[in-house]
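First up is the structure itself, then whatever we jot down about it.
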Amino acid sequence: THYDHDNPPPKIVQGYKFNVFYPDLVDRTSTPQYFLERADTDQFCILRFSAGPPYEDVAFKIINRQWNKSRKRGFRCTFERGVLSLYFNFQTHWYRR
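According to the numbering used here, numbering within the sequence shown proceeds without interruption in unit steps and concludes at 280.
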């Protein structure tokens with residue numbers, strides 16, 4: 184299929200990329216963490232980042248689908264130089280005709 188200005192691709196969320204900056208952490212030995220929580224509907228979930236003092240938790244409402252946690256498919260969860268990076272794509276379901 185060819186996509187152009189007149190025929191755009193379908194609008195489907197394929198994944199997320201989060202970069203959360205923590206330059207002033209009090210306890211540099213503890214790594215910030217993320218948690219998944221229930222939302223008001225089953226279509227969404229809450230992704231909460233928690234680091235400790237002096238920062239408060241940051242939460243995002245994201246689509247509730249299964250994550251593809253393979254590094255080859257783009258999963259990344261690292262904490263380097265005060266930046267927590269969480270990248271993930273959603274699981275794709277292939278089908279045969």
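From the three backbone atoms N, C-alpha and C, an ideal C-beta is built for every residue, glycine too.
Checklist entry - Would DSSP call Arg211 helix, strand or coil? => result For Arg211, the secondary structure class from DSSP, reduced to helix, strand or coil, is coil.
Item to check | Leu219 versus Asn202: straight-line alpha-carbon distance, rounded | outcome: In a straight line, the C-alpha of Leu219 is about 17 Å away from that of Asn202.
Checklist entry - Going by the beta-carbon positions, is the gap between Gln274 and Gln249 smaller than 8 Å? => result With contacts defined by Cβ atoms closer than 8 Å, Gln274 and Gln249 form a contacting pair.
Checklist entry - What is the DSSP secondary structure of Lys252, reduced to helix, strand or coil? => result If DSSP states are grouped into helix, strand and coil, Lys252 belongs with coil.
Checklist entry - What residue range is occupied by the uninterrupted beta strand (DSSP E) comprising Gln216? => result Note, Gln216: beta strand (DSSP E), 216 to 221.
Checklist entry - Around the Cβ of Pro192, are there at least 16 other Cβ atoms within 10 angstroms (buried) or fewer (exposed)? => result Exposed, by the Cβ-count rule.
Checklist entry - How many Å lie between Pro237 and Val266 at the Cα? => result C-alpha separation (whole angstroms): 15 Å.
Next on the checklist: DSSP has Val203 in a bridge; who is on the other side?
Outcome noted: Beta-bridge annotation (DSSP): Val203 is paired with Leu267.
Checklist entry - Between Lys255 and Ala222, what straight-line distance do the alpha-carbon atoms span, to the nearest angstrom? => result Taking C-alpha positions only, Lys255 is separated from Ala222 by approximately 29 Å.
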